[in-house]
Structure formats: structure tokens, C-alpha cells
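Trainee: Dropping a structure here in C-alpha cells format, bear with me for questions.
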Amino acid sequence: MGGSISSAQRPLDDGGLNKVVPDVGSDFGSSVAAEKKSDVNDLDTYRQFRDQLLSFSLGESAYDYAEKLFEKHSSSPEVMTLLAETTVMYDKTKNKYARDHWCDRLDLLQRGVDVSRKCINENPDYGPCYRTYVLCATREAEALYYMKSLLGLGLLENYNAIMSRGEKGMQLLPKDADIPNALGGLCARCAYVWYNPTRLYARWCGVPCWKDLWTKSVELHKRAVENDPKSLEFACRLAQAYFHGGDYQNARRWYGKVRDEMPPQDLKDERWQGIAHTHLSTAFAKTSWNVPFA
1 MGGSISSAQR PLDDGGLNKV VPDVGSDFGS SVAAEKKSDV NDLDTYRQFR
51 DQLLSFSLGE SAYDYAEKLF EKHSSSPEVM TLLAETTVMY DKTKNKYARD
101 HWCDRLDLLQ RGVDVSRKCI NENPDYGPCY RTYVLCATRE AEALYYMKSL
151 LGLGLLENYN AIMSRGEKGM QLLPKDADIP NALGGLCARC AYVWYNPTRL
201 YARWCGVPCW KDLWTKSVEL HKRAVENDPK SLEFACRLAQ AYFHGGDYQN
251 ARRWYGKVRD EMPPQDLKDE RWQGIAHTHL STAFAKTSWN VPFA
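Residues 1 to 294 (UniProt numbering) are what the sequence shown spells out, left to right.
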């Protein structure tokens, strides 16, 4: 009709896949600085285009796009991190209870683990590689067995490996919130009580006892909340860790913060407010029995 196309209707570009990189000139210092600045700008362009694809529910296209970037820049730690991060975001769109999705998830998350491990081996001091490794490895370890009763075995088997990489990542990224949140959830899901038969397998795998795991989980979730104080998810998970660890006073306090004090940052935050409200309404209420002879 002759009018300009709005940003919502504008077709997506190629995300920089066909961009031509200029040759390095004679001025080496300025060329290196310009190249680094260009790499940062290119990475922002790659991530924005990936996020656009995911916002349109095109998870497979976003993953294929990240794979093509990796083919062109296989030695770039930023691109390797982007690919591994995309596998986690794409995995969240899959149904973990469907058997065909379960097989796809294992292949997908294994790809993220392999790329993250390659990034760590080639760049041992690059923190984001450890972050993506922890995110991919925790999700894959939980999905390692399809039967619901065996879900925790994969976490027990890989607990020490994930924790060692995660602790290294927290040293390199002290302000990151995703690593301590994922490790805190790992400790919580491995905390089997002494009378559970799985606890024997946990001892064989070298996993700490129930009390130590919940103490570690609370410590890690507190660190996640300190690094991202506006996240309702992290605050609610901290309250859950307090509750299951037996500290009901702090659990009630953090549930109250999530429900009444912290403003939602996203539509999904209503879920965490609902969880906090349910726990405050039921978990801390004293039961009363309407029995004549009581």
C-alpha cells in the first residue's frame, strides 16, 4: 500500500551468516581491536537473531542456525557457548514425558555437553563454557533414564563431575546466577533420606549425606538470589530448599517475599507466586481433626 513495513512484520535476516569478514591490514594493533569489537557486535547479532527465532516458537530453526554458526566458527568460544546455550533453550520446548521426545532430548543435550566440554578444553579460563556445561549436564543427567522411578540415578552418577565443573565456573563467573541455581537444584534432587534404597547407591557414587546436601543447596540458592535479587524463581527455590531442609522459619519468610513483596518480572512469574501461595496456605497450616472423641 506504499506504507513502511513495521518491525513486527519485517522479515528476518540471515543473522550474519553470509557476512564477509575483511582481511587484517598492516596496522596490527588497530586491526585486532577492531576485530574484537566486530566479534562482540557479531555475537550480539547472532544472539538477537536466535532469540527472534525462539520467540516465534522456531526452536529447531534456532538450533540449526547455531549449528551453522559453529560450522563457520568452530574455534570461537563465544559461538560454542551460543550453541550449547541454544540446546538448553530448545530442550525446554520439548515434552520430557513423551518417549520420542526423550530420545531427541538426550541427543540434543549430549550435543550441548560435547560442545561445552570442547570449549572448556580449548579455553579453560572462559567462564561461560562452564555455565553451559552445568546447564546441559544437569538436564541430561536427569533425563538419562526414561522410567520415572529411575530419574535420580543419572544425577547421582554424574554429581561429582557436574559439581567440580560448576565450582570452577562460579570462580570464573562470581556474579552469575544460573550456575549456583542449577547446582543447588542438583544437590536438592540428590538428597535422598537414609531409609530410601536409592541412598545406598548414592553412597556408592560418593554423594554426600542428606543433611550436607540440603545445607549445600541452601548455600547455592542463596548465592543465586544474591546475584539476581529480582528473580522470583530463584527466591522460590531458596524457600523450597529451606523448607525441605527443615528451616521452616526462613522458608515461610521467603515464600512471603515471593508472594507479597517481589513484583513479577514476566508472565511466567505468576507460577512461582502461585507455588509460594500454595505452600503458605497448606504446608504451614496445623491440621485439625473433627473427631468427637479427640
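Ideal Cβ placement from N, Cα and C applies to all residues, glycine included.
Decide if residue 138 is buried, meaning its Cβ has at least 16 other Cβ atoms within 10 Å, or exposed.
Mentor: buried
Trainee: How far does the alpha helix (DSSP H) with residue 259 in it extend, from its first residue to its last?
Mentor: No alpha helix (DSSP H) contains residue 259, which DSSP labels as neither H nor E.
Trainee: Looking at the secondary structure, which residues open and close the alpha helix (DSSP H) in which residue 265 lies?
Mentor: First-last for residue 265: undefined, no H or E at that position.
Trainee: Which residues mark the beginning and the end of the alpha helix (DSSP H) in which residue 228 is found?
Mentor: Looking at the DSSP string, residue 228 is not in any alpha helix (DSSP H), and its letter there is neither H nor E.
Trainee: In chain order, what residues of the same chain have a beta carbon less than 7 Å from the beta carbon of residue 81, not counting five sequence neighbours either side?
Mentor: 119, 128, 129 and 132
Trainee: Pick helix, strand or coil for residue 295, following the three-state DSSP scheme.
Mentor: Nothing can be reported for residue 295, as the shown portion of the chain is limited to 1 through 294.
Trainee: Would residue 42 be called buried (16 or more neighbouring beta carbons within 10 Å of its own) or exposed?
Mentor: Buried.
Trainee: The alpha helix (DSSP H) that contains residue 272, what's its start and end?
Mentor: 269–278 is the span of the alpha helix (DSSP H), which, as asked, contains residue 272.
Trainee: Would you say residue 190 and residue 213 are within 8 Å of each other, going by their C-beta atoms?
Mentor: A contact, by the Cβ cut-off of 8 Å.
Trainee: When we look at the beta-carbon of residue 125 and count the other beta-carbons within 10 Å, is it buried (16 or more) or exposed?
Mentor: Note on residue 125: under 16 other CB atoms within 10 angstroms of its CB, so exposed under the neighbour-count rule.
Trainee: Contact defined as beta carbons within less than 8 Å: I believe residue 186 pairs with residue 140. What is the distance between those atoms, to the nearest angstrom?
Mentor: Wrong, their Cβ atoms sit about 12 Å apart, outside the cutoff.
Trainee: When you compare the CB positions of residue 153 and residue 145, do they come within less than 8 Å of one another, or not?
Mentor: Yes. Within cutoff.
Trainee: Under 8 Å, with one C-beta from each stretch per pair, do the stretch 199–214 and the stretch 164–184 reach the 3-pair mark?
Mentor: no
Trainee: With DSSP run on the structure shown, which of helix, strand or coil describes residue 58?
Mentor: coil
Trainee: Among residues of its own chain, excluding the 5 on either side of residue 22, which ones have a beta-carbon nearer than 8 Å to its beta-carbon?
Mentor: Since pLDDT at residue 22 reaches only 43, below the 50 mark, its modelled position is unreliable, and the value read off the structure follows with that caveat. Counting only Cβ-Cβ distances below 8 Å, and skipping sequence neighbours, we find nothing.
Trainee: Out of 66, 60, 56 and 59, state which residue places its alpha-carbon closest to the alpha-carbon of residue 47.
Mentor: 66
Trainee: Does the beta-carbon of residue 284 have 16 or more other beta-carbons within 10 angstroms, so that it is buried, or is it exposed?
Mentor: exposed
Trainee: Which residue comes first and which comes last in the alpha helix (DSSP H) that contains residue 124?
Mentor: It is not in any alpha helix (DSSP H) - residue 124 carries neither H nor E in the DSSP assignment.
Trainee: By how many angstroms is the C-alpha of residue 78 removed from the C-alpha of residue 26?
Mentor: With a pLDDT of only 41 at residue 26, under the threshold of 50, the placement of this residue in the model should not be trusted; the figure read from the coordinates follows. If I take the Cα positions, the gap works out to 26 Å.
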